[in-house]
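Chains as they are written, first to last, in the working numbering: chain A, 519 to 851; chain B, 3 to 309. Below is one structure; the comments refer to it alone.
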Ligand code: SF4
């Protein structure tokens with residue numbers, strides 16, 4: 519029986535992998551075309567303010583160097599074959615291999631997103647549970663009001679607000695960046711990094727809480743009105759025991775799944791938050807790559823973020839597949 | 003003395019029809035029943051007539067928007083909300099109708115064990131499974147894996163392990179094949195023979211008649227008659243209420259004549275006798291006010307000229 523389950527999961531993963539692959543190819547192609555057809559001139563973006571000093575000849579040389587003068591399809595294929603060989607190309611603005619840039623930025627972003635993800639997940643879940651258990655009381659109303667307000671708050675606005683209050687007025691946290699200004703890289707301490715991380719992470723969590731909280735509340739309200747909770751009450755269970763035995767297990771799974779599926783929103787939120795806080799993460803790199811027409815970097819980021827979001831969804835699916843006895847054990851029968 | 007006595011129980015629900023208008027729907031009105039130890043009382047009535055709410059009211063697990071009036075006595079004492087809370091699952095056990103009442107994500111063995119109040123829960127659960135001929139593997143199953151018969155026996159086990167004195171079963175027989183059904187009914191008889199008081203809430207009058215001692219006939223939210231089971235015989239001449247008689251005659255093995263008309267909806271109850279619109283013996287008097295429940299020949303009836 520166990521073997522059977524293993525095989526089923528294998529097939530499941532294979533199918534998902536295929537889907538991922540086709541999705542990636544499509545996304546690469548579309549983004550490539552989009553960037554190519556955008557009004558941004560990559561050479562101008564590359565040279566920036568020095569444009570006036572560059573003559574047409576030099577310009578051509580640069581174009582030739584980067585291969586910008588070739589037909590679009592050729593460029594795409596060049597890039598595609600290099601990609602298959604494991605080479606993401608060289609970023610125009612950082613003048614370093616794209617893989618390196620993404621790797622470095624990802625570490626920064628990962629810490630930020632992970633912190634925000636765990637914080638918003640845990641706090642949101644607790645809020646949802648409290649809200650549902652105390653349904654229609656003042657605390658439920660406050661939590662609901664908070665969530666609805668937040669759900670309609672743009673991340674960058676919340677980020678600015680946090681900056682103004684905690685960094686500018688109160689001066690508790692640094693105003694931006696990932697590390698202190700004017701300190702040598704080797705002198706930057708973990709404490710320094712954490713200090714710079716707190717505001718963006720809190721901003722992301724504050725916004726991320728709403729979704730999980732409202733969803734958990736809704737689920738738990740349903741569970742509490744279910745026949746099996748009625749029966750549990752008929753057998754003398756109540757309060758916290760009742761929640762622990764029947765509420766938690768029926769609510770936790772959807773909440774965890776939702777949290778994994780929210781990777782895309784997390785990524786989107788990080789882009790904005792990093793921009794506001796000048797935090798040197800993936801999000802900020804994406805914005806720069808987009809604005810300055812850095813095609814290799816932008817495409818590398820697109821591939822990477824697709825992977826990232828896809829992984830989140832895959833984990834969400836897998837959890838349901840493996841953890842929920844209704845899907846797990848029916849496969850074993 | 004009855005162990006459980008329900009006197010003039012009424013239940014109504016507040017419903018918001020729009021954001022400003024509130025509707026009060028009376029689903030049970032002045033209901034009377036009593037339950038003795040060692041006896042099975044079957045509360046019989048058509049589906050959807052609010053019978054389950056009687057069980058929920060006794061257990062004190064009605065939803066918040068329900069208003070109840072009337073009195074319930076347990077062992078001669080008034081059953082208050084806090085008393086209900088302390089009796090639930092200990093002295094009064096509830097047997098629900100389907101696996102929907104089991105937690106879908108919890109193994110059934112564990113769910114039965116949570117009903118054990120004293121001693122070794124696992125041992126108690128295994129013993130009762132053995133007694134009810136449930137395979138030892140069943141305890142590790144989830145509710146969705148149970149067959150109808152297994153589900154039935156699992157639900158029953160929760161009541162058995164709780165050692166309750168009063169057992170209230172809600173529609174315990176629908177969808178069961180005849181063998182399982184017979185077994186289920188025998189289990190209830192066994193409960194009663196061991197000194198428990200059993201209340202069987204069902205729409206299945208035929209199977210109720212095979213094991214019950216007393217039948218309470220439920221119509222439009224109230225009991226119209228309580229009769230010893232022996233009275234359900236012949237043409238129903240021993241029965242007291244026109245509805246019970248009609249119900250009896252409507253059975254396939256009797257005349258098989260359906261009762262014309264349908265039960266009134268709780269939001270449009272007649273002012274007088276609830277059965278008046280369908281009663282052949284109705285007179286002007288019947289439409290004026292609802293007749294009181296009165297004792298008659300070792301039973302009870304709610305009809306002005308029953309004899
Ligand atoms: S009270 Fe009148 S209407 Fe009601 S059952 Fe008796 S005879 Fe029929």
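We treat Cβ as the ideally placed atom computed from N, Cα and C, and that holds for glycine.
| Item | Value |
| --- | --- |
| With 16 other CB atoms within 10 Å as the buried threshold, where does residue 850(A) fall? | With a pLDDT of only 45 at residue 850(A), under 50, the local geometry of the prediction cannot be trusted, and the value read off the model is given with reservation. Result: exposed. |
| Which residues in the same chain have their Cβ closer than 6 Å to the Cβ of residue 719(A), if we skip the five residues on either side of it in sequence? | 630, 633 and 634 |
| Please state whether the Cβ-Cβ distance between residue 764(A) and residue 747(A) is less than 7 Å. | yes |
| Would you mind reading off the limits of the alpha helix (DSSP H) that contains residue 827(A)? | 813-841 |
| For the segment 724-736 of chain A, which residues have a beta carbon sitting closer than 8 Å to at least one beta carbon of chain B? | none |
| Start and end of the alpha helix (DSSP H) containing residue 792(A)? | 781-795 |
| What are the residues in the segment 753-781 of chain A lying within 8 Å of chain B by C-beta distance? | 753, 754, 755, 756, 763, 764, 767, 768 and 771 |
| State the beta-bridge partners of residue 28(B) as determined by DSSP. | 14(B) |
| Looking at the structure shown, is residue 519(A) part of a helix, part of a strand, or coil, going by DSSP? | Note that residue 519(A) scores 47 on pLDDT, short of 50, meaning its location in the model is unreliable; the coordinates nonetheless yield the value given after this. Residue 519(A) falls in the coil class under three-state DSSP. |
| In the DSSP assignment, what are the bridge partners of residue 297(B)? | 302(B) |
| Are any of the Cβ atoms in chain A nearer than 7 Å to that of residue 122(B)? | no |
| Which of the three DSSP states is assigned to residue 647(A) in this structure? | helix |
| Report the CB separation of residue 134(B) from residue 159(B) in whole angstroms; it is logged as a contact under 8 Å. | 6 Å |
| Interface residues of chain B around residue 797(A) at Cβ under 8 Å? | Those do not exist, as residue 797(A) stays about 40 Å from chain B at its closest Cβ, beyond 8 Å. |
| Which residues does DSSP pair with residue 79(B) in a beta bridge? | 76(B) |
| Between residue 746(A) and chain B, is the shortest Cβ-Cβ distance under 7 Å, so that the two count as touching? | yes |
| With DSSP as the reference, identify every bridge partner of residue 96(B), one or two as the case may be. | 170(B) |
| What is the DSSP secondary structure of residue 735(A), counted as helix, strand or coil? | helix |
| Please list the terminal residues of the continuous alpha helix (DSSP H) segment that includes residue 805(A). | 800-809 |
| In this structure, how does DSSP classify residue 256(B) when only helix, strand and coil are distinguished? | coil |
| Leaving out five residues before and five after residue 838(A) in sequence, what residues of the same chain have Cβ atoms less than 8 Å from its Cβ? | 771, 775 and 845 |
| Quick check on this structure: which residue in 86(B), 173(B), 83(B) and 48(B) has the alpha carbon closest to the alpha carbon of residue 261(B)? | 48(B) |
| Alpha carbon to alpha carbon, what distance is there between residue 656(A) and residue 285(B)? | 55 Å |
| Below 7 Å between beta carbons: does that hold for residue 72(B) and residue 148(B)? | no |
| Using a beta-carbon distance below 7 Å, is residue 749(A) in contact with chain B? | yes |
| Which runs of the alpha helix (DSSP H) fall wholly inside the segment 180-263 of chain B and span at least 4 residues, in chain order? | 180-195, 207-213 and 244-251 |
| Return the Cβ separation of residue 717(A) and residue 684(A) in integer angstroms, given the expectation that the two are a contact with Cβ distance under 8 Å. | 6 Å |
| Quick check on residue 843(A) - is its C-beta less than 7 Å from some C-beta in chain B? | yes |
| Take residue 649(A) as the anchor and find which of 670(A), 663(A) and 795(A) has the nearest alpha-carbon. | 663(A) |
| Can you list, in chain order, the residues of its chain with a C-beta nearer than 8 Å to that of residue 296(B)? Leave out the 5 residues immediately preceding and following it. | 302, 303 and 304 |
| Using a Cβ-Cβ cut-off of less than 9 Å, give me the residues of the segment 131-156 of chain B that come near chain D, in sequence order. | The structure shown has no chain D; the protein chains it does contain are A and B. |
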